[in-house]
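Participant: In the numbering used here, the protein residues as written are 802 to 917.
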Amino acid sequence: MKIRIQGDSVRFRLSQTEVTELVNQGETWSKCQFPTGELIYGLVTSEDKAMTCFFDNGKMTAKIPRLLLHSWDSDDRVGFEAQADGLFILVEKDWQCLKPRANEDETNLYVNPQAL
Numbered sequence: 802m803k804i805r806i807q808g809d810s811v812r813f814r815l816s817q818t819e820v821t822e823l824v825n826q827g828e829t830w831s832k833c834q835f836p837t838g839e840l841i842y843g844l845v846t847s848e849d850k851a852m853t854c855f856f857d858n859g860k861m862t863a864k865i866p867r868l869l870l871h872s873w874d875s876d877d878r879v880g881f882e883a884q885a886d887g888l889f890i891l892v893e894k895d896w897q898c899l900k901p902r903a904n905e906d907e908t909n910l911y912v913n914p915q916a917l
């Protein structure tokens, strides 16, 4: 899972395995290890009607309504976006780059539609 944070905007990009985990198991997590601690980030399903995202004690969690995730692992929807308490949240399937990048394994990412 990749995250991009810019100002009051957070973007989550998920591999095929992570999308499947989220849809079938209700959550998916990743972490980034720093010398002085770690940043844990992930997505969990929720019975709420709107997406939310919060940060607490080194852990960033996005809550995604279960209804939004129905069949997401098998349909052609790219993702979802929401505005929550001034924070823009974007969750989307991660596509392979059009140009190969050294040292980056993209075998578990979605085929970029522009590559077809």
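From the three backbone atoms N, C-alpha and C, an ideal C-beta is built for every residue, glycine too. Bear in mind that the values here come from a model prediction, so they are computed numbers and not experimental data.
(1) In chain order, what are the residue ranges of uninterrupted beta strand (DSSP E) at least 3 long that sit wholly in the region 875 to 906?
(2) Measure the CB-CB distance between residue 897 and residue 885 and report whether it falls below 8 Å.
(3) According to DSSP, simplified to helix, strand and coil, what is residue 828?
(4) Would you kindly check if the distance between the Cβ of residue 899 and the Cβ of residue 811 is under 8 Å?
(5) On the DSSP letters alone, give me the boundaries of the beta strand (DSSP E) that residue 870 sits inside.
(6) Is residue 874 near residue 821, with beta carbons less than 8 Å apart?
(7) Tell me the DSSP secondary structure of residue 797 in three-state form.
(8) Between the C-alpha atoms of residue 872 and residue 909, what's the straight-line distance to the nearest angstrom?
(9) Can you give me the C-alpha to C-alpha distance between residue 803 and residue 815, rounded to a whole angstrom?
(10) By Cβ distance below 8 Å, which residues in the same chain neighbour residue 828 in space, the five residues on each side in sequence not counted?
Facilitator: So, from the data block:
(1) With a minimum length of 3 residues, the continuous beta strand (DSSP E) runs that stay inside the region 875 to 906 are 880 to 885, 888 to 894.
(2) In the sequence shown, counting from the first residue as 1, residue 897 sits at position 96. In the sequence shown, counting from the first residue as 1, residue 885 sits at position 84. Judged by beta-carbon spacing, residue 885 lies beyond the 8 Å limit of residue 897, meaning their Cβ atoms are not closer than that value.
(3) Working through the sequence shown from its first residue, we reach residue 828 at position 27. Assignment of residue 828 by DSSP, reduced to helix, strand and coil, places it in the strand class.
(4) Here residue 811 corresponds to residue number 10 of the sequence shown, with the count starting at 1. Here residue 899 corresponds to residue number 98 of the sequence shown, with the count starting at 1. No, the Cβ-Cβ distance between residue 811 and residue 899 is not below 8 Å.
(5) Working through the sequence shown from its first residue, we reach residue 870 at position 69. Counting along the chain, residue 870 falls outside any beta strand (DSSP E), though it belongs to the alpha helix (DSSP H) covering 867 to 870.
(6) Here residue 874 corresponds to residue number 73 of the sequence shown, with the count starting at 1. Here residue 821 corresponds to residue number 20 of the sequence shown, with the count starting at 1. In contact: residue 874 and residue 821 (Cβ atoms closer than 8 Å).
(7) In the structure as shown, the chain starts at 802 and stops at 917, and residue 797 therefore has no counterpart that could be examined.
(8) Taking the sequence shown and counting its residues from 1, the one referred to as residue 872 is at position 71. Taking the sequence shown and counting its residues from 1, the one referred to as residue 909 is at position 108. A direct Cα-to-Cα measurement between residue 872 and residue 909 gives close to 18 Å.
(9) Translated into positions along the sequence shown, residue 803 becomes position 2. Translated into positions along the sequence shown, residue 815 becomes position 14. Near 7 Å, if we compare the C-alpha coordinates of residue 815 and residue 803.
(10) Numbered from its first residue, the sequence shown carries residue 828 at position 27. Spatial neighbours of residue 828 in its own chain (CB-CB distance under 8 Å, excluding positions within 5 residues in sequence) are listed in chain order as 822, 843, 844, 845, 846.
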